[in-house]
Structures are given as structure tokens and as C-alpha cells.
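**Student:**
In UniProt numbering, the protein residues as written are 1 to 316.
1) Anyone know if the C-beta pair for residue 229 and residue 210 falls short of 7 angstroms?
2) If we ignore side chains and look at the alpha-carbon of each, how far apart do residue 261 and residue 71 end up?
3) What does a CB cutoff of less than 7 angstroms around residue 200 pick up in its chain, not counting 5 residues either side in sequence?
4) Could you tell me the alpha carbon to alpha carbon distance between residue 26 and residue 83, rounded to whole angstroms?
5) Could you pull out every residue in the same chain whose Cβ sits closer than 6 angstroms to the Cβ of residue 49, ignoring the five residues on either side in sequence?
6) Looking at residue 170 and residue 6, is the spacing between their C-beta atoms short of 7 angstroms?
7) Determine which residues share a DSSP beta bridge with residue 107 and list them.
8) Specify, as a first and last residue, the run of the alpha helix (DSSP H) that residue 116 falls within.
9) Could you tell me which residues DSSP pairs with residue 294 in its beta bridges?
10) With a Cβ-Cβ cutoff of 7 angstroms, do residue 270 and residue 258 count as a contact?
11) Can you give me the C-alpha to C-alpha distance between residue 98 and residue 135, rounded to a whole angstrom?
12) For residue 335 and residue 297, what's the separation of their Cα atoms in angstroms?
13) Per DSSP, what kind of secondary structure is residue 81 in: helix, strand or coil?
14) Go ahead and label residue 77 buried or exposed: buried means 16 or more other beta carbons lie within 10 angstroms of its beta carbon, across all protein chains shown.
15) To the nearest angstrom, how far is the alpha carbon of residue 160 from that of residue 187?
16) Rounded to the nearest angstrom, what separates residue 277 and residue 85 at their Cα positions?
17) Do you know whose CA, among 39, 28, 232, lies nearest residue 51's CA?
18) Mind checking who residue 213 pairs with in its DSSP beta bridge?
Written out as C-alpha cells, the structure is:
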């Protein structure tokens, strides 16, 4: 695909997702950015706001396989990765794939799973592979985890460790829709026999999303912007309120997210605004502070670092 075709595909993806989740255009854009940057997404929100429907819609629109795991304290690592079973006919062990062998996996209420089970996702999210009985299995190159957790009900939960939180590119909240959007949603449900997601058609062909993701990673980032990014990282590491500052992996993730944001703006280079526009979802999953403190703290951190004098990078 040429650049204009790619922009057109992303616009189609955005339009379709906005039909599924009405009145949440900014959230949809951030979800697309997370997908294009080959990251993973943590949704911290109340039940019933459309998280499952959103995940299913993404899977359909990219032409991928969808899998959902309801995380509970009795969920085992093998319930996620898969397991070996003995075949009585062949007298050999056969591997039965778990839900990680999908393109879009929804891990619902991930903080209800035990740390052992949560760690089973770590290799899958980081390496796009799993190891079962010393055998390594490759996952889909499009593998994208959307995990959810309820910010209110903390009874019987296991907070995610910092190492796993750092594997998520962003943390977002969908939030309740506006009154007019809820009315539109109710009106659209009248005499609707089928789920809107079942009526969607794929936007991307085979390998097209992966090809686009590879191009996005190659979008130029000027040294002044990278220096600005590192300076912000250093501030987070020294801040008294921050339990664990941005890691080098966190900086790399933020740069990829900024590249995807630039692409969504139909720009072939990164500017400081790409970092500023994505700062809240990227930093809020990493700083280890309460959700209520995120906005003020991140605003303070960003204001403490001077914006770089920016010149357009050379593009070959």
C-alpha cells in the first residue's frame, strides 16, 4: 500500500470503531495509536461501558482472531498459554493452544488472576511467544492484549506488578457516554436483532497491518525530541511522588506511541506535541501513583522540562 491508502485504511478503522463506541472519539484514537505502535492496552474502568465490544470490533476490522479470558483466582497459567495432552491413539503428547494464540486477546479483570497466572502473560506480551514444557511456540505478529480492571472493586484482587505494567503501552478509561450519545445508542438498539460487531467487515488485508506497523516504527524522530523525552524520563526517576520512574523500555514505548500518533495525524515525522498528546495514557500506567493524582502529577512533570527548539528532521 502507498501512504495515502494507509491513511485511508486507518480512517476507515477509526470511523467503524466510532460507530461501535459512540461519543468516544478521543479514546478510539488512543486505542488505534496503541494498536499501530504494536503495544498492549490496559483499560481501567467500570463494567458495562463497551470494552468487550470494542475488542471484538478491533479483531473483526483487522481480520484477526478474537479470544477472551475471564480472569479469576482459580485461573491457571495453562488456561492462558495452553497445555499438552496425551493422545491415546498416537501414544504421543499433543499441544492444545490456549487463548494467547489469537490476534486480539481480551483479559477481563486481569487483577483478579493470581500473580502466577498474570506472569504467564508476561512472556506473551513481551516476546509474542510462550514456552510450555520447554518448547517455545510463536504467537501472531499482530498479537494485541487488551486487559481490563475495575478501579472500584478491589476485593479479592492482586495488583499488577511494575514489571507487567511496563509491558502495557497505555492505560485508558472509556468513561460514561454523554446523554445524547446514550440516547443514540438506545435508539439504534430498537429492532436491532444482530450485534453491530457482527455486521462489520475487515478493513485490513493479510499482513497489511503488520506492514503499516513496520513503517510507523521507521518514522524519523529528531535528536532534540529524543533528548526532551530522556529529560522527562530523568525527572520521573527523581520525583519524590513517583515510586518507579520511566525505564529505558518505557522511553522506547513512548517513542513508538509518538510515532503512531504522528502517523494518525498524517505526518511523517514526530514533533514534541506527539509526546505531549500521549503523555497521560503512557505515563499513568508507569508512575505507580493513584489514578486521582495522575493528571496533576504528569502536568507538573511535563512543565518542569523545557520544550526543545525543534527543527524538522531530514526525511530520505
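Ideal placement from N, C-alpha and C gives every residue a C-beta, glycine not left out.
**Tutor:** Concretely, from the data shown:
1) Working through the chain shown from its first residue, we reach residue 229 at position 229. Working through the chain shown from its first residue, we reach residue 210 at position 210. Contact flag unset, no.
2) Locating residue 261 in the chain shown gives position 261, counting from the first residue. Locating residue 71 in the chain shown gives position 71, counting from the first residue. Those two C-alpha atoms are separated by around 31 angstroms.
3) What you label residue 200 is simply residue 200 of the chain shown in a count that begins at 1. 16, 57, 60, 61, listed in sequence order.
4) Position 26 of the chain shown, counted from the first residue, corresponds to residue 26. Position 83 of the chain shown, counted from the first residue, corresponds to residue 83. If you take the alpha carbons of residue 26 and residue 83, they lie about 40 angstroms apart.
5) Numbered from its first residue, the chain shown carries residue 49 at position 49. Once the five neighbours on either side are set aside, the close Cβ partners of residue 49 are 174.
6) Within the chain shown, the letter at position 6 stands for residue 6. Within the chain shown, the letter at position 170 stands for residue 170. When the beta-carbon positions are compared, residue 6 and residue 170 stay at least 7 angstroms from each other.
7) As a first step, residue 107 is located in the chain shown; it is residue number 107 there, counting from the start. Bridge partners of residue 107: 69, 147.
8) The residue you call residue 116 lines up with position 116 of the chain shown. Here the alpha helix (DSSP H) through residue 116 covers 115-127.
9) Numbered from 1 along the chain shown, position 294 holds the residue referred to as residue 294. DSSP lists no partner for residue 294.
10) Against the chain shown, residue 270 aligns to sequence position 270. Against the chain shown, residue 258 aligns to sequence position 258. Yes; because the gap between Cβ atoms is below 7 angstroms, this pair is in contact.
11) As a position in the chain shown, residue 98 is number 98, starting the count at 1. As a position in the chain shown, residue 135 is number 135, starting the count at 1. The alpha-carbon separation between residue 98 and residue 135 amounts to approximately 14 angstroms.
12) Nothing in the structure corresponds to residue 335, since the chain is present only between 1 and 316.
13) Within the chain shown, numbered from 1, the residue matching residue 81 stands at position 81. Three-state DSSP puts residue 81 in a helix.
14) Position 77 of the chain shown holds residue 77. That one is buried.
15) Taking the chain shown and counting its residues from 1, the one referred to as residue 160 is at position 160. Taking the chain shown and counting its residues from 1, the one referred to as residue 187 is at position 187. Cα to Cα, residue 160 sits roughly 39 angstroms from residue 187.
16) On the chain shown, position 277 is the one that residue 277 refers to. On the chain shown, position 85 is the one that residue 85 refers to. The straight-line gap from Cα to Cα measures roughly 48 angstroms.
17) Numbered from 1 along the chain shown, position 51 holds the residue referred to as residue 51. Closest option to residue 51, Cα to Cα, is 28.
18) For the purposes of this step, residue 213 is identified with residue 213 of the chain shown, where counting begins at 1. BP columns for residue 213 are empty, so no partner.
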